[in-house]
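These notes concern the structure reproduced below.
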Amino acid sequence: MASIKELLTSVKDESPVWVGRTKLLEMLTHIGESNTSSCMYVCPGDHSDWIGSDQIWKRRWDVLAAQIGEEVLSNDTGILCIQSGDDGLVVVPPFPVAQNIKFDHLNYDELYKCLSLDYVVGVVLLRLGRFSVAIFKGTDLVVSKTDSRFVKGRHKKGGSSQRRFERTREGQSRKLFDKVCDTVGNIFEPYTRTLDYVLLGGDSITINNFLKYVLRWNL
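Rendered as structure tokens:
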């Protein structure tokens with residue numbers, strides 16, 4: 004059986020890496036069954052009771068948490084843990100794991116199902132002054148729009164000048180966010196019945212301010 008390290012030929016350490024669908028499927032074909040093989044699908048959220056109900060699986064989980072960190076195991080989409088011999092692989096899928104399952108052998112059925120579905124995904128990319136909104140079906144881009152709205156940059160002076168600048172910048176940010184909301188409405192509206200997920204990306208501060216604005220005004 005090829006080791007995980009050999010399969011990830013472009014990786015110099017054991018840090019998390021991004022791989023596409025094709026590469027992941029190729030990796031799975033190289034992982035052979037052994038008498039110590041196991042496979043575990045874990046949904047996002049609290050899983051302590053489910054894991055803790057079996058001492059063997061709890062020990063496996065504790066070893067895994069010590070090796071890769073609890074934050075990886077408690078992400079927003081869940082994980083697939085694969086163990087075969089001395090090799091292990093943790094897959095963080097792009098979309099949520101549907102159910103908690105444990106196998107004392109290799110079983111990729113749920114992962115194959117996830118990878119084979121062409122989800123309809125709305126994407127909003129936002130940074131200060133510029134944004135993009137798109138709809139994807141699987142890997143195909145269905146529709147998109149990129150636009151901009153001027154927002155002033157940082158201001159180094161203090162005093163009243165600083166306060167005037169902040170008020171101006173807040174007003175410009177609101178106009179940007181209004182424009183993003185209008186664009187999202189226009190792009191997403193035809194797909195509201197079929198939309199599976201919405202993904203946000205871009206500058207974290209701008210995104211957080213945008214979400215606060217949307218929640219505040221119930222947009």
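Convert by adding 3 to the 1-based position in the sequence shown; the result is the number in the numbering used here.
Virtual Cβ for every residue (Gly too), placed ideally from N, Cα, C.
Of the candidates F139, D121 and D112, the residue whose Cα lies closest to the Cα of L28 is D112.
Spanning the alpha carbons of L129 and T209 requires a straight line of approximately 7 Å. In the displayed model, R219 falls within a helix according to three-state DSSP.
Comparing alpha-carbon positions, the option among T195, V127, F153 and T149 lying closest to N211 turns out to be V127. In the structure shown, C184 adopts helical secondary structure according to DSSP, grouped into three states.
Annotation: the continuous alpha helix (DSSP H) that includes Y115 extends over D112 to S119.
In this structure, K178 sits away from R219, with a CB-CB distance that is not shorter than 9 Å.
Taking the Cα positions, G55 is about 16 Å away from Q102.
Taking a cut-off of 8 Å on C-beta distances, the region 129 to 141 does not touch the region 57 to 68, as fewer than three cross pairs fall below it.
Distance from E192 to L109 at the Cβ level is roughly 43 Å; contact not present, criterion being Cβ atoms closer than 8 Å.
Uninterrupted beta strand (DSSP E) stretches at least 3 residues long and entirely within the region 42 to 128 occur at 82 to 87, 90 to 94 and 104 to 106, given in chain order. Per DSSP, L198 is not a residue of any beta strand (DSSP E), being assigned neither H nor E.
Between the alpha carbons of G132 and G91 lies a gap of roughly 44 Å.
Per DSSP, reduced to three states, the secondary structure at F153 is coil, with no helix or strand assignment. Each residue's CA atom was taken as its position, placing F98 and Q175 some 35 Å apart.
With contacts defined by Cβ atoms closer than 9 Å, N78 and V94 do not form a contacting pair. Beta-bridge partners assigned by DSSP to S176: none are found.
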